[in-house]
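One gets our numbering by counting positions in the sequence shown from 1 and adding 5 to each. Cβ atoms here follow ideal geometry from the backbone N, Cα and C, with glycine treated the same way. The next block holds one structure in the form of structure tokens; read it before the comments.
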Amino acid sequence: MIIDAPRRTDIPMLRALWKQAFGDGDEFLDAFENTAFSTEHCRCVTVDGAIVAALYWFDCSCLGERIAYLYAIATSREHRGMGLCTSLMDDTHKHLKELGYKGSVLVPSSEALFDFYKKRGYEVCSHIKEFSCRPSKESVDVFRIEPDEYARLRRELLPRGGVVQENENLSFLQAQASFYKTDDALLAARIDGHKLICAELLGNAEVAPAVLKALGCTEGDFRTVGNQRAFAMYHSIENESFIVPAYFGLAFD
6 MIIDAPRRTD
16 IPMLRALWKQ
26 AFGDGDEFLD
36 AFENTAFSTE
46 HCRCVTVDGA
56 IVAALYWFDC
66 SCLGERIAYL
76 YAIATSREHR
86 GMGLCTSLMD
96 DTHKHLKELG
106 YKGSVLVPSS
116 EALFDFYKKR
126 GYEVCSHIKE
136 FSCRPSKESV
146 DVFRIEPDEY
156 ARLRRELLPR
166 GGVVQENENL
176 SFLQAQASFY
186 KTDDALLAAR
196 IDGHKLICAE
206 LLGNAEVAPA
216 VLKALGCTEG
226 DFRTVGNQRA
236 FAMYHSIENE
246 SFIVPAYFGL
256 AFD
């Protein structure tokens, strides 16, 4: 078993593992590869020349400190239950420490995974509120904006201790969603048919029905700041007195 960064020639194996684990198609994988992937931000487990486990990360920050958003953690079906994911994560934590990261954050994709990651040193650090609504009778001015403006406004609206996600984070997100603003709210969302799926709504959440009216959507699902359910988990890499992130909102699910 070898744990290391992949080579460019390993990309077909990484893509095959991703497809098996998550079921995403080539269009999604192309978007990730073209906007966010780098061999330096990936660690993988190789057994007998085949990649059987892998994870990726995005650069983020919190209160001025560098943290990593771990993403797409996967082990092949044939190699699960062998401790490979634990070994991969332990190795990744050591590697991230060498690179100067203070900690790592991740978003479990199911309730069962909260216990899985807790056993590997992670604790819940962020909650969110989720709600659905229909359009109101009255509209509101909604402006589509570029990533740079979205990043600036998001910094202003993040709660204290919120995780800043920019650069490749927003490049990848832009391949899946659009960025919008109103006078008192900020959204990263995509329109699927007549439905708005909002990955994050910051600011005045009560504007959601009017946003749906403005965008011509008949329904919408929203995520915003709140305490409705556990969302993200954090692992401290440094033993220094670093404040645990209070809010993590953009998950690329």
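(request) Please check the pair valine 110 and isoleucine 72, which I expect to be a contact at CB under 8 Å, by giving their CB distance rounded to whole angstroms. (result) 6 Å
(message) Counting C-beta neighbours from all protein chains within 10 Å, is the total for threonine 80 16 or more, i.e. buried, or is it exposed?
(response) Around the beta carbon of threonine 80, 16 or more other beta carbons sit within 10 angstroms, so the residue counts as buried.
(request) Since I believe alanine 41 is in contact with phenylalanine 63 (beta carbons under 8 Å), could you give me their beta-carbon distance rounded to a whole number of angstroms? (result) 7 Å
(message) Please list the terminal residues of the continuous alpha helix (DSSP H) segment that includes methionine 94.
(response) Secondary structure note for methionine 94: its alpha helix (DSSP H) is the uninterrupted segment 89-104.
(request) Would you give the residue range spanned by the alpha helix (DSSP H) that phenylalanine 159 belongs to? (result) Sequence check: residue 159 is arginine here, not phenylalanine. That run of the alpha helix (DSSP H) goes 152-162.
(message) Any contact between the region 150-160 and the region 230-241? By contact I mean 3 or more CB pairs, one from each, below 8 Å.
(response) no
(request) Name the one or two DSSP bridge partners that lysine 200 has. (result) Checking the DSSP bridge columns, you'll see lysine 200 partnered with Asp197 and Glu224.
(request) Check whether the region 93-109 touches the region 181-197, counting contact only when three or more Cβ pairs, one atom from each stretch, lie closer than 8 Å. (result) no
(request) Return the CA-CA distance between proline 214 and alanine 182, expressed in angstroms with no decimal places. (result) Looking at the two C-alpha atoms, the distance is approximately 19 Å.
(message) Let's test the definition: count the other Cβ atoms within 10 Å of the Cβ of threonine 223 and tell me whether it reaches 16, buried, or not, exposed.
(response) exposed
(request) Report all residues from its chain with a CB closer than 7 Å to the CB of glycine 166; omit the five preceding and five following residues, and keep chain order. (result) Cys67, Leu68, Ile248, Pro250, Ala251 and Tyr252
(request) Going by CA-CA distance only, name the one from Arg82, Cys49, Glu83 and Phe136 that's closest to histidine 100. (result) Cys49
(request) Would you kindly check if the distance between the Cβ of alanine 194 and the Cβ of isoleucine 202 is under 8 Å? (result) yes
(request) Could you give the DSSP three-state label for tyrosine 74: helix, strand or coil? (result) It is a strand residue.
(message) For a test of the three-state rule: what should DSSP assign to phenylalanine 253, helix, strand or coil?
(response) coil
(message) Relative to the C-alpha of leucine 178, which candidate in Ala10, Lys24 and Asn39 has its C-alpha closest?
(response) Asn39
(request) Note the first and the last residue of the continuous beta strand (DSSP E) segment covering glutamate 135. (result) Per DSSP, the unbroken beta strand (DSSP E) holding glutamate 135 starts and ends at 128-138.
(request) Could you tell me the distance, in whole angstroms, from the CA atom of methionine 6 to the CA atom of leucine 60? (result) Leucine 60 has its alpha-carbon roughly 16 Å from the corresponding atom of methionine 6.
(request) State whether the region 131-146 contacts the region 217-232, with contact taken as three or more CB pairs (one from each stretch) at a distance under 8 Å. (result) yes
(message) If you reduce the DSSP assignment to three classes, tell me which class phenylalanine 177 lands in.
(response) helix
(message) I need the straight-line Cα distance from leucine 75 to cysteine 130, nearest angstrom please.
(response) 14 Å
(request) Compare the beta carbon distance of leucine 255 and glutamine 170 with 8 Å and say whether it is the shorter of the two. (result) yes
(message) Check this for me: beta carbons of leucine 34 and alanine 58, under 8 Å apart or not?
(response) No; because the gap between Cβ atoms is not below 8 Å, this pair is not in contact.
(request) Starting from the Cα of leucine 207, find the closest Cα among Ser176, Glu45, Gly126 and Arg157 and give me that residue. (result) Arg157
(message) Using C-beta distances below 6 Å, list every residue in its chain close to histidine 98, excluding the 5 sequence neighbours before and after it, in chain order.
(response) Correct list, in chain order: Ile242.
(message) Quick check on DSSP: helix, strand or coil for lysine 142?
(response) coil
(request) Assuming valine 147 contacts valine 216 (C-beta within less than 8 Å), just tell me the rounded distance between them. (result) Confirmed, about 6 Å.
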